[in-house]
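Participant:
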Amino acid sequence: VEVIDLRKDPKLAREHGIVAIPTLVRELPLPFRKLIGDLSNTHKVLVNLEVSDGA
Amino acid sequence: MTRDSSSDKDLLIADLRRRLAEAEETLRAIRDNEVDALVMRGALAEEIFTIGGDPESYRTFMEVMEPGAAALDGSGRVLYANSALIQLLGTSLAELQGKLLSDTLGIEAGKEIKRLLSHAGTTRQSREVRFPRDEEVDLHFIAVASPLQLGTTLGHAVTFTNVTERVLNEGAEQSEHAARAVIASANEAVLVCDRDGIITHANAAASIVYDGDPIGQTFAEIIPLVFRDSAGVLQADDMVAMVTNGTPMRGIEAVASHAPKVKDYLVSAAPLRIAGDRISGAVVTMVDLSQRKAAEKQQNLLMRELDHRVKNTLALVVSISARTASNTDTVQAFQTAFSGRIQALAATHTLLLENSWSSLELYDIAMSELAPYIEGGADQITIEGLNVAVTPRAAIAFGLIAHELTTNAVKHGALSQQGGHVTVRAIGRDLGKNGAFVLEWRESGGPRVAPPERKGFGHTVIARSLEYSTGGSAEFDFDPSGIVCRISIPSEDLC
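Respectively, the protein sequence lines represent chains A and B.
As numbered in the working numbering, the first sequence has no gaps in its residue numbers, which increase by one up to the final residue, 55.
As numbered in the working numbering, the second sequence has no gaps in its residue numbers, which increase by one up to the final residue, 1495.
1) Is the beta carbon of residue 1107 of chain B less than 7 Å from the beta carbon of residue 1128 of chain B?
2) Measuring CB to CB, does residue 1440 of chain B end up less than 7 Å from residue 1486 of chain B?
3) What distance in whole Å lies between the Cβ atoms of residue 1400 of chain B and residue 1424 of chain B, which are believed to be in contact at a cut-off of 8 Å?
4) With a threshold of 6 Å on Cβ separation, who are the neighbours of residue 53 of chain A within its own chain once the five nearest residues in sequence on each side are excluded?
5) Given that a residue counts as buried once 16 or more other Cβ atoms are within 10 Å of its Cβ, and exposed if not, what is residue 51 of chain A?
6) Would residue 1491 of chain B and residue 1435 of chain B be called neighbours here (beta carbons separated by less than 7 Å)?
7) Evaluate the contact criterion for the segment 1352–1362 of chain B versus the segment 1321–1336 of chain B: three or more CB pairs, one atom per stretch, below 8 Å.
8) What residues match up with residue 1361 of chain B in a beta bridge as DSSP calls it?
9) Would you say residue 1072 of chain B and residue 1101 of chain B are within 7 Å of each other, going by their C-beta atoms?
10) Let me confirm a value: residue 1203 of chain B is counted as buried when at least 16 other C-beta atoms fall within 10 Å, else exposed. Which label applies?
11) Between the Cα of residue 1216 of chain B and the Cα atoms of B:1134, B:1191 and B:1239, which residue gives the shortest distance?
12) Which residues in the same chain have their Cβ closer than 8 Å to the Cβ of residue 1198 of chain B, if we skip the five residues on either side of it in sequence?
13) Return the residue from the list B:1083, B:1040 and B:1045 that minimises the CA-CA distance to residue 1059 of chain B.
14) With burial defined as no fewer than 16 other Cβ atoms inside 10 Å of the residue's Cβ, what is the status of residue 1369 of chain B: buried or exposed?
15) Would you mind reading off the limits of the beta strand (DSSP E) that contains residue 1204 of chain B?
16) Between residue 6 of chain A and chain B, is there a C-beta pair that is closer than 7 Å?
17) Are there 16 or more other CB atoms within 10 angstroms of the CB of residue 1437 of chain B, so buried, or fewer, so exposed?
18) How long is the line joining the alpha carbons of residue 1007 of chain B and residue 1015 of chain B, rounded to whole angstroms?
19) Could you check what DSSP says for residue 1144 of chain B in three-state terms: helix, strand or coil?
20) So, at 8 Å on beta carbons, what are the nonlocal neighbours of residue 1098 of chain B in its own chain, with the 5 sequence-adjacent residues on each side left out?
21) Does the segment 1172–1182 of chain B come into contact with the segment 1223–1235 of chain B, if we say contact requires no fewer than three beta-carbon pairs (one atom in each stretch) closer than 8 Å?
22) Kindly list, in the order they appear in chain A, the residues whose Cβ is closer than 7 Å to that of residue 1026 of chain B.
23) How far does the beta strand (DSSP E) with residue 1412 of chain B in it extend, from its first residue to its last?
24) Could you give the DSSP three-state label for residue 1348 of chain B: helix, strand or coil?
25) Quick one: list the residues of chain A neighbouring residue 1112 of chain B, beta-carbon separation under 9 Å, in chain order.
26) With DSSP as the reference, please indicate the residues paired to residue 1162 of chain B in a beta bridge.
27) Using 7 Å as the limit for Cβ to Cβ distance, is residue 14 of chain A near chain B?
28) Does residue 1494 of chain B come out as helix, strand or coil in the three-state DSSP assignment?
29) What does DSSP give as the partner residue(s) for residue 1343 of chain B in the beta ladder?
30) Excluding five sequence neighbours on each side, which residues of the same chain lie with their C-beta closer than 7 Å to the C-beta of residue 1049 of chain B?
31) Measuring CB atoms only, is the segment 1264–1275 of chain B touching the segment 1230–1247 of chain B, in the sense that at least three cross pairs come out at less than 8 Å?
32) Provide the residue(s) that pair with residue 1483 of chain B in DSSP beta bridges, ordered along the chain.
33) Can you confirm whether residue 29 of chain A, when its beta carbon is compared against all beta carbons of chain B, has any partner nearer than 7 Å?
34) What are the residues that DSSP puts in a beta bridge with residue 1318 of chain B?
35) Taking its Cβ as the centre, do 16 or more other Cβ atoms sit within 10 Å of residue 1121 of chain B, making it buried, or is it exposed?
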């Protein structure tokens, strides 16, 4: 997992099509998956990633 | 429609669906307040806009605040603290961040902060917190905690306002109240002067040294003091100057000539220190010495009186000795007569001492002489109407007379044999002798009486003891049936 501070490097936001902070981007495995907003609930985040992965 | 074009279409629809889901997710996150910042397309490059305030601007704001301030997360851990708070805690931001604030404050203050945060879940709360310091004055703070939304989390903003000075001032004010109460309740006159000798405070008791309002007046002018032992060298203004220069003065006698009633005082003065070591005036205490002076006078009087009485007594003893010697033939006879007379004198003295040399009743004096002979023959003695109080000098004289009469009665008169009787009774006032009190000693039933061939000392004592005054006398009648003696006590010696 790479943590990027977009305030220091706003260019990267365009490359990844990010409009809101925080956003978690899953690049691999495909397809791309983005989780936006509250990431403090680890369980919810993981479930979301896995559920979308299976869809 | 070919298979390829059908597949492209499916992909396109999937991509559109994904992008729609992403857009909806973004909107939901924004609506649900889960987003900290948005990326906007600027003129040159992307710009980041923080939603709900920029942490940097928060921090800048916190830094310029005078009170110590910290942002805490929901569990009370420090996210950020301004330099005022860091300085107060004597630590660094790196040390502080991520730690529970309550753990960094010491036991007592930590407990207070925990309590404060637990009450400040939804509303602003405040509490006074004390930071004990070993050698310096404790620091006092008002800690205020308010709920604070930090991005997506709920925490607390906590500020610490230093109120040490206010607390100390309150303490000082209370001390001043107490000091004023002490001054007001003192029985002594208490006056406070500033460095120029102007009176700034005075208690109610100060009215005995100055009849009027002394506030604002110069001490030395309204209360000129003359110090007894300084021969006029030291005066009231010198005293104030001396004390304001740091030399206290304790218990010096002075005369306040302008004081309304009492003039004699015991004066003490101490430097007044209000802040630190600087002397800002003098506190003068004046104690009324009139009672002590009166007691001293009384004592002097008593000492002179005692001196006078001792000399009188010694002269009496010398005279008794000489007279006894000239009337006795043997040393044995002298010793018996002399010690009897001295004992009579001592008995009267004892009675006088028991009455603090004030007055005695003739009855008591007569009894002290006759008592030894009453036990064997109670019916031989009658005493009537002698409950008359007399001065010490009459008491001593009557004591000696009673001794001589008793001794004579025991040796040669009514008490020398069975059946004899002595009556001592009051006759009354003799107006011819200026109202002197007359009493009679009458013997009966004893041996036949003949006038003596020579006058012994006993006779002389009896005749002369009361002749110190015109009203005093003792006369004998040598009645053959028994001696009769009429004794007059001068009217001025009756109490």
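The beta-carbon is built from N, C-alpha and C at its ideal position, and this holds for glycine as well.
Facilitator: Looking at the coordinates:
1) no
2) yes
3) No, residue 1424 of chain B and residue 1400 of chain B are not in contact; Cβ-Cβ is about 15 Å, not under 8 Å.
4) Note that residue 53 of chain A scores 43 on pLDDT, short of 50, meaning its location in the model is unreliable and no value can be drawn from it.
5) Below a pLDDT of 50, predicted positions are generally treated as unreliable, and residue 51 of chain A, at 48, falls in that range; the measurement from the model is reported next regardless. Per the 10 Å Cβ criterion, exposed.
6) yes
7) no
8) B:1389
9) yes
10) buried
11) B:1191
12) 1216, 1217, 1218 and 1219
13) B:1083
14) buried
15) Neither: residue 1204 of chain B is in no beta strand (DSSP E) and is coded neither H nor E.
16) yes
17) buried
18) 12 Å
19) strand
20) 1077 and 1078
21) no
22) 19, 20 and 36
23) Per DSSP, residue 1412 of chain B belongs to no beta strand (DSSP E) and is neither H nor E.
24) helix
25) Correct list: empty, because the minimum Cβ distance to chain A is about 29 Å.
26) B:1141
27) yes
28) strand
29) DSSP, once it has assigned bridges, lists no residue as partnering residue 1343 of chain B.
30) 1037, 1038 and 1040
31) yes
32) B:1478
33) no
34) Paired residue(s): none; residue 1318 of chain B is not in a bridge.
35) exposed
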